[in-house]
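Scroll down for the structure; my scribbles are underneath it.
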Amino acid sequence: MERATDALARGLHTEWSLTLEERADISVLVSAAETVTGRAAVHITTRILELVDGTAGADSRGGGPGFDRFWRNARALTAPTRADHRLRDIGDHYLNGTHARLTLLA
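Residue 5 is where the sequence shown starts when you use the working numbering, and the numbers rise one by one after that.
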């Protein structure tokens, strides 16, 4: 996370003088950080929901803490970007020196 944050900050500071290689390196670091944090968010919220499942107040409809809402939010925020595609691009960059294709979310 720190490497991605530092690289992105340096890239933003450098602006238009970034080379293609520097942009690719920043992109790979940010993609790796996004993949790790996305997976962690889904795993943690799923685990919390499992722990409170069956206890009083686990369901938000009953006026409880509504942990299911956090799980749904984590799933919804990580769903638009597929981790397997990002991981393939990261591996391809490090193993073959390729640059990921630019894709825009719809």
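Heads up, the beta-carbon is just placed ideally off N, CA and C, and yes, glycines get one too. Just so it is clear, the structure is predicted and the values come from calculations on it, not from any experiment.
- In the three-state reduction of the DSSP assignment, T85 falls in the coil class, being assigned neither a helical nor a strand state.
- The shortest CA-to-CA distance from D10 to any of L53, L99, L33 is the one to L33.
- In the structure shown, T23 adopts coil according to DSSP, grouped into three states.
- DSSP, read as helix, strand or coil, puts H103 in coil.
- Taking T50 as the centre and dropping the five residues before and after it, the same chain places the C-beta of W75 closer than 7 angstroms to its C-beta, in chain order.
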